[in-house]
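Quick note: the sequence shown uses full-length UniProt numbering, first residue 1, plus one each step.
Note that the Cβ used here is the ideal one computed from N, Cα and C, for glycine as well.
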Amino acid sequence: MNKQIALIRGDGIGPEIVAEAVKVLDRVAERFGHTFSYTEVLAGGCAIDATGHPLPQDSIEKCKMSDSVLLGAVGGPKWDQLDGSLRPEKALLGIRSALGLFSNIRPARLFAPLAHACPLRPDIVAGGLDLVIVRELIGGVYFGERDTVLKNGEKYAYDTMGYAEHEIERIGRVAFEMARKRRKKVTSVDKANVLDSSRLWREVMHRLREEYPDVEYSDMLVDNTAMQLVRNPGQFDVIVTENMFGDILSDEASMITGSIGMIPSSSLGEGTRGMYEPIHGSAPDIVGKDIANPVATILSAAMMLRYSFNLPEESDAVESAVSQVLEEGYRTADIMSEGCTLLSCSEMGERIAALV
Ligand SMILES: NC(=O)c1ccc[n+]([C@@H]2O[C@H](COP(=O)([O-])OP(=O)(O)OC[C@H]3O[C@@H](n4cnc5c(N)ncnc54)[C@H](O)[C@@H]3O)[C@@H](O)[C@H]2O)c1
Ligand SMILES: CC(C)[C@H](C(=O)O)[C@@H](O)C(=O)O
Ligand SMILES: [Mg+2]
1 MNKQIALIRG
11 DGIGPEIVAE
21 AVKVLDRVAE
31 RFGHTFSYTE
41 VLAGGCAIDA
51 TGHPLPQDSI
61 EKCKMSDSVL
71 LGAVGGPKWD
81 QLDGSLRPEK
91 ALLGIRSALG
101 LFSNIRPARL
111 FAPLAHACPL
121 RPDIVAGGLD
131 LVIVRELIGG
141 VYFGERDTVL
151 KNGEKYAYDT
161 MGYAEHEIER
171 IGRVAFEMAR
181 KRRKKVTSVD
191 KANVLDSSRL
201 WREVMHRLRE
211 EYPDVEYSDM
221 LVDNTAMQLV
231 RNPGQFDVIV
241 TENMFGDILS
251 DEASMITGSI
261 GMIPSSSLGE
271 GTRGMYEPIH
281 GSAPDIVGKD
291 IANPVATILS
301 AAMMLRYSFN
311 LPEESDAVES
321 AVSQVLEEGY
331 RTADIMSEGC
341 TLLSCSEMGE
351 RIAALV
């Protein structure tokens, strides 16, 4: 199989972790007889430095011409003072929106050898942990009307959260379909006790659940969900929620798996072209030290193989290689514990690639 992959290395640790995912993809290509070629795409802070814009038009075109996109991370303190629309993070939102990637899947799975790295009490995670957050990605407050105006002699800024029925329905469907392939349980997370957009969210979800009588469904308020994720994460199978709630809850869920460096994500729309990225950011505090955990990016590449290229065997091979490395006691600094062997970012990538 021949595939063209747009590589957005981005900022901070982005280039370090993407390099490791490419090593793994190259090994997959070699072992299974595929050809993966890469197009370098500028986005984020590095694009601002090179072109004055976080997402040049040419970068969007390159993504559209590729079979899929692999992204490291964008942003960092160097660009923090920039105005909203010129910030590196706008590149992410721009690509997600330009490619119509409304469905963001963030699986939080506790690998058995990392149980010790989980900050929760051992009895809470005794049964393991395997949940998926289905996050709506191109609507809600990130994309609503916003402005900063003068009001009563001072600055007043606002961002608005809104959803149309069809936007809720299509992400709801993704969650129900996913639950059918898993433990058949959907928790829809909202703030329907306060927000109109959440009340519409709940109404549409309730309509949808009639079509999926085989799936157990419940509503949960987002503040309670934040608490329940720590109290009893095993109760969740598929969580479906709006854009910003999903952003926050997925960072929380990542910590239960030991580190934010472990959680991959896929972003898809109607077609098979997607964007794949770790859920973490550019980690400016550890950049250039070769100590970042590349596993989230490598697992994102595995999701690309499965969801965009329909290569489940290849995807399984990458996920098994990650499990095996952890079982053999190899760790990056963020998940390190006594008796284990500490690896750098690049050593971890090489070891995983060698096991594919
Ligand atoms: N997808 C993205 O590109 C993305 C996502 C989140 C944040 N950001 C941006 O990244 C910048 C930094 O954000 P932040 O500090 O709030 O969040 P962050 O996720 O970059 O870092 C939070 C903490 O987690 C650690 N961490 C993150 N990834 C790690 C990895 N792979 N291995 C080991 N440790 C890791 C960091 O060292 C830091 O201590 C900001 O500019 C933010 O906007 C980008
Ligand atoms: C950087 C930011 C725009 C982004 C988001 O909030 O979607 C990030 O936090 C993420 O989780 O992918
Ligand atoms: Mg986030």
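- The beta carbon of Q324 lies closer than 8 angstroms to those of L355 in the same chain, with the five residues before and after it left out.
- The alpha-carbon of L249 is positioned some 27 angstroms away from that of L82.
- The three-state secondary structure of A108, taken from DSSP, is strand.
- As a beta-bridge residue in DSSP terms, L342 pairs with R331.
- Between S267 and R96, the gap from beta carbon to beta carbon is short of 7 angstroms.
- Here the alpha carbon of I168 sits roughly 10 angstroms from the alpha carbon of F102.
- For A43, no alpha helix (DSSP H) segment is defined, and its DSSP state is neither H nor E.
- Here DSSP, grouped into helix, strand and coil, assigns F309 to coil.
- Taking a contact as a CB-CB distance under 8 angstroms, the pair I256 and H280 does not count as one, their CB atoms being some 15 angstroms apart.
- If you draw a 10 Å sphere on the C-beta of E20, you find 16 or more other C-beta atoms in it, and that means buried.
- Judged by DSSP in its simplified three-state form, G14 adopts helix.
- Annotated three-state conformation of L55 is coil, per DSSP.
- As the crow flies, the alpha-carbon of I60 is around 13 angstroms from that of L70.
- Across the structure, A126 and V186 are spaced so that their CA atoms are roughly 22 angstroms apart.
- Checking the 6 angstroms criterion, the Cβ of E89 is within range of a heavy atom belonging to ligand 2.
- In the DSSP annotation of this structure, the continuous segment of the alpha helix (DSSP H) that includes S198 starts and ends at D196 to R209.
- Beta-bridge pairing by DSSP links G75 to no other residue.
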